[in-house]
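Okay, so here's the structure we're looking at.
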Amino acid sequence: MGIEGNIRRIYYEAFELIVNSFSMQGRSYRPPENEVNALISFGNMMCYSQCLRAIHQTQLNPTVSYLHQPGERRFSLALDIAEIFKPVLVDRVIFKVLNKKEIQTRDFEQSLNRVILKPGGKKKFIQAFENRLTETIMHRNLKRKVSYKHLIKLECYKLVKHILGMEEYKPLKMYW
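If you're matching positions, the sequence shown starts at 574 in the working numbering and goes up one per residue.
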């Protein structure tokens with residue numbers, strides 16, 4: 574396992590300290606084996622969609638990426654951009670909906686070796702995710718408040734400026 578894999582493993586182990594009512598027991602992908610993993614998978618899909626939307630509003634080609642391997646009919650640049658935003662969008666929403674008990678065990682369906690969100694649970698998560706996208710934070714360079722949704726687009730434009738040789742790309746840093 575590489576450095577990134579080790580960091581990600583430690584990061585997901587810390588979920589147990591943050592999420593009160595659900596146990597994660599490590600990251601599982603296809604299929605998600607527990608409720609937290611089901612939320613991560615669903616939330617990541619929503620984050621990828623938002624990143625792809627922002628990419629389409631720029632001159633960037635969504636199939637040309639710098640972290641994830643490009644593939645036929647794969648929008649790998651959206652995966653790259655999403656890596657920046659998953660902790661502040663997806664993970665924060667998961668912590669909120671679980672710790673405030675907005676989503677509970679009854680919002681999941683378990684069958685054989687997988688756990689998925691029921692339609693009612695999806696609706697709750699989507700609402701919480703949309704609320705997070707419209708939250709604003711102070712942008713240090715612009716010296717004004719911007720929504721997380723707009724922040725994704727700004728990140729894409731920074732990449733455009735880098736590709737055009739206008740400025741060096743400096744990824745978003747979140748200050749707590």
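Note that CB positions come from ideal geometry on N, CA and C, so glycine has one too. The structure displayed is predicted, hence computed values, not measured ones.
> With C-beta atoms as the reference, is Ile689 less than 9 angstroms away from Glu682?
Replying inline: As a first step, residue 689 must be located in the sequence shown, where it is residue number 116. As a first step, residue 682 must be located in the sequence shown, where it is residue number 109. Taking 9 angstroms as the Cβ cut-off, Ile689 and Glu682 qualify as a contacting pair.
> In the structure shown, what three-state DSSP assignment does Glu608 receive?
Replying inline: In the sequence shown, the residue the question calls residue 608 occupies position 35. Helix, per DSSP.
>> The beta strand (DSSP E) that contains His712, what's its start and end?
In response: Looking up residue 712 in the sequence shown gives position 139. Note, His712: beta strand (DSSP E), Thr709 to His712.
>> Between which residues of its own chain and Ser601 is the CB-CB distance below 6 angstroms, once the five residues before and five after are set aside?
In response: In the sequence shown, the residue the question calls residue 601 occupies position 28. Same-chain partners within the cutoff: Asn610.
> What beta strand (DSSP E) runs, 3 residues minimum, are completely inside the segment 660-738?
Replying inline: 681-684, 687-690, 709-712 and 717-720
> On the premise that Pro744 lies in contact with Asn686, defined as a C-beta separation below 8 angstroms, what is that separation, rounded to the nearest angstrom?
Replying inline: Counting from one through the sequence shown, the residue named residue 686 turns up at place 113. Counting from one through the sequence shown, the residue named residue 744 turns up at place 171. No, Asn686 and Pro744 are not in contact; Cβ-Cβ is about 36 angstroms, not under 8 angstroms.
> Can you tell me whether DSSP reads Gly616 as helix, strand or coil?
Replying inline: What you label residue 616 is simply residue 43 of the sequence shown in a count that begins at 1. Gly616 falls in the helix class under three-state DSSP.
>> Strictly by DSSP, which residues pair up with Arg647?
In response: Here residue 647 refers to the residue found at position 74 of the sequence shown. Gly644, per the DSSP bridge assignment.
>> Please identify the residue among Asn579, Asn593 and Tyr621 whose C-alpha is closest to the C-alpha of Gly669.
In response: Here residue 669 is taken as the residue at index 96 of the sequence shown, counted from 1. It is worth fixing the name first, because residue 669 is Lys in this sequence and not Gly. Here the closest residue by C-alpha is Asn593.
> What span of residues does the alpha helix (DSSP H) with Leu633 cover, start to end?
Replying inline: Start at 1 with the first residue of the sequence shown, and residue 633 comes out as number 60. Run containing Leu633: none; DSSP gives neither H nor E here.
>> Using CA atoms only, rank isn't needed, just tell me which of Phe588, Thr707 and Ile657 is closest to Lys722.
In response: In the sequence shown, the residue the question calls residue 722 occupies position 149. For the residues Phe588, Thr707 and Ile657, the minimum Cα distance to Lys722 belongs to Thr707.
> Among Tyr748, His629 and Gln598, which has the Cα closest to the Cα of Met711?
Replying inline: Walking along the sequence shown from the start, residue 711 turns up at place 138. Among Tyr748, His629 and Gln598, the Cα nearest to that of Met711 belongs to Tyr748.
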